[in-house]
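A short write-up of the structure that comes next.
Residue numbers (the working numbering), protein chains in the order written: chain B, 157 to 464; chain A, 157 to 464.
Below you can see the structure in the form of structure tokens.
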């Protein structure tokens, strides 16, 4: 799947991923209203509204982008119905041949991590049959529990040709509270980065490993260092746009081959229709998905100009 | 909810929690067969089988125990149908007045952590209405992202009188890879423990905080230290039984008031019917839930004898 991701990035010339993190407040009123009329002001109604919202954005952007990253928390808040909408979103994005990065930040130990890996990336044996359930292509994973938590994911990645992105240096203001603390003269995130390189070394695609890392756009210096620590790992970079990261901050997340990083934007794309710059270009809540397309085009141009 | 947990522990005289982590291989054949006949060898069939398995164990043990801890990974591996079985399990345990600790190990940043907290512990606004969805009483949370990841959970805990257990020192063999590394002369887990005490200090129940910690039974020395670092935090202790922890290892996880810790056993209770010691006492796969009751009684006795 890392090979497919690389190919799609090269084909679209867009090292970006659209974060499908639909807060209900992002969903235009007319979509909410229609869904509530059909399913009531219920979790099923909310789930239908966010799925319709996602679908319109995917339809408007899928030819421009290689990948999407649904954030499962935004679905889980609506319970089982929300999780169904997550599944529908994953399935719909696959219909559109997009690579799907499940932003699930799972991580546990042994058989429990195995179960997460099975559910999100692999397949499960039920009696005499085998089923893939959530079937994302990549999942994000938390490293706090050490190798025991990561290895079961790596095993499933090898079997299924899927991939993971391990949290190394996250984009939030307080990420340094633990991640920046010095251990033997190096910050914790660097130690985690070294383990990412090690875990990834025995499951390589053509040029990059199945095991990638998450490093926030808001920490460009750390990104530069980690790029060197994990030369064969793709870096998933959140924090662009709404969280403050800019194209010029991103240069050092990439390798000399122009690859090695994929930049996420969520709110900046899916809620672009609320921004003055797109309202000024004729966008209303009715044609919100057109604003998402414009925002994708602007993001691609911003990153391209920074890289060249 | 921390007050209810304390009351129930005192009433049952059992500082234990039954881990409802049903691997399909733990579910006796006759239950699998019946569920598959009705729903097919499908995720729905598997989900039905694990719910029936859980229900029998809950029915057989609920008068002896204060709490259960369903591990959501074991449900997520069956996709949406599995998540439905998780919800049914939570709801059924609430019918039996058990405290439900959702072992979900979630953790993200800002609005994303808020969404997880909303889904698992809180309630979500949908149009003019408000819904609680998964509605566990406690959730486990991963600290790697720092305060930004924890505070949204704490906020929901305050509003809803719910609680969290933050991963501090996990029970697995490789937990030391990052957690034991020394920072300013102290291991990372101790720094995390200090933050747990800090985060918990402004949301206190009668005698313990809404903010607890996870510390593995397999690390008794670390448990002893962390007990002192976080005097007002309940410690959820996995790793008893099948993972190797024994009653005598647990003494120092408790405070002098005999409270402050709750010991989890999963496989040792829910798959007790496979152990020779219970087979020798007349257990078969047909009366598997009786073995779970025996295992709960044995665990309570083991811990009581260690504490006195």
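Glycine included, each C-beta is placed from N, C-alpha and C at the ideal position.
In this text, all values refer to a predicted model and were calculated from it rather than measured experimentally.
Output needed in chain order: residues of the region 294-309 of chain B with a Cβ under 8 Å from some Cβ in chain A. 298, 299, 300, 301, 302, 303, 304, 305
Name the chain A residues that come within less than 7 Å of residue 264 of chain B, Cβ to Cβ? 229, 261
From this set, A:444, A:211, A:205, A:420, which residue's C-alpha is nearest residue 321 of chain A's C-alpha? A:420
Does any CB atom of chain B fall closer than 8 Å to the CB of residue 179 of chain A? yes
Could you check which residue in B:374, B:292, B:230, B:190 has the C-alpha nearest to that of residue 267 of chain A? B:230
Near residue 337 of chain B, which residues of its chain fall below 7 Å by C-beta distance, leaving aside the five closest residues on each side in sequence? 343, 344
Against chain A: residues of the region 328-341 of chain B by CB proximity under 9 Å: 328, 329, 330, 331, 332, 333, 334, 335, 337, 338, 339, 340
Interface flag, residue 347 of chain B vs chain A, CB-CB below 8 Å: yes
Would you mind giving the Cβ-Cβ distance between residue 372 of chain B and residue 331 of chain B, rounded to the nearest angstrom? I have them listed as a contact below 8 Å. 7 Å
Are the Cβ atoms of residue 290 of chain B and residue 246 of chain B separated by less than 8 Å? yes
Residue 240 of chain A touches chain B at which residues, Cβ-Cβ below 8 Å? 236
Quick test of the definition: if touching needs 3 or more C-beta pairs under 8 Å, does the region 379-396 of chain B touch the region 409-424 of chain B? yes
Closer than 8 Å to chain B by CB, residue 344 of chain A: yes
Cβ distance (whole Å) where residue 304 of chain B is taken to contact residue 159 of chain A below 8 Å: Not a contact, Cβ separation roughly 34 Å.
When you compare the CB of residue 321 of chain B with every CB in chain A, is at least one pair closer than 8 Å? no
Classify residue 183 of chain B as helix, strand or coil using the three-state DSSP reduction. coil
If you reduce the DSSP assignment to three classes, tell me which class residue 353 of chain A lands in. helix
Suppose the cutoff is 6 Å on Cβ atoms and the five residues either side in sequence are ignored; what does the same chain contact list for residue 317 of chain B look like? 157
By alpha-carbon positions, which one of A:310, A:376, A:458 ends up nearest to residue 354 of chain A? A:310
What residue range is occupied by the uninterrupted alpha helix (DSSP H) comprising residue 308 of chain A? 303-316
Would you call the region 210-227 of chain B in contact with the region 253-268 of chain B, where contact means no fewer than 3 C-beta pairs closer than 8 Å? yes
Give the residues of chain A in contact with residue 184 of chain B, contact being defined as C-beta atoms less than 9 Å apart. Within 9 Å Cβ-Cβ: nothing; residue 184 of chain B doesn't reach chain A, min ~14 Å.
Are the C-beta of residue 271 of chain A and some C-beta of chain B separated by less than 8 Å? yes
Whole angstroms is fine: what's the gap from residue 271 of chain A's alpha carbon to residue 315 of chain A's? 14 Å
Would you verify that the beta carbon of residue 285 of chain A is, or is not, closer than 8 Å to some beta carbon of chain B? yes
Which one of B:383, B:445, B:210, B:189 has the shortest CA to CA distance from residue 201 of chain B? B:189
Relative to the alpha-carbon of residue 269 of chain A, which residue among A:234, A:312, A:213, A:346 has its alpha-carbon at the smallest distance? A:312
Going along chain B in order, which residues have a C-beta closer than 9 Å to the C-beta of residue 431 of chain A? Simply none; closest approach about 18 Å.
Sufficient close CB pairs (3 or more, under 8 Å) joining the region 425-435 of chain B to the region 174-184 of chain B: yes
For residue 226 of chain B, list the residues DSSP reports as bridge partners. B:176
Euclidean distance between Cα positions of residue 242 of chain B and residue 288 of chain B: 15 Å
Please classify residue 194 of chain A: is it buried, with 16 or more other beta-carbons within 10 angstroms of its beta-carbon, or exposed? exposed
Strictly under 8 Å for the Cβ-Cβ distance: is residue 267 of chain B near chain A by that measure? yes
Chain B contacts made by the region 189-222 of chain A, where a contact means CB separation under 7 Å: 192, 197, 198, 199, 201, 202
Would you say residue 289 of chain A lies against chain B (beta-carbon separation less than 8 Å)? yes
Rounded separation between residue 456 of chain A and residue 170 of chain A - CA only: 6 Å
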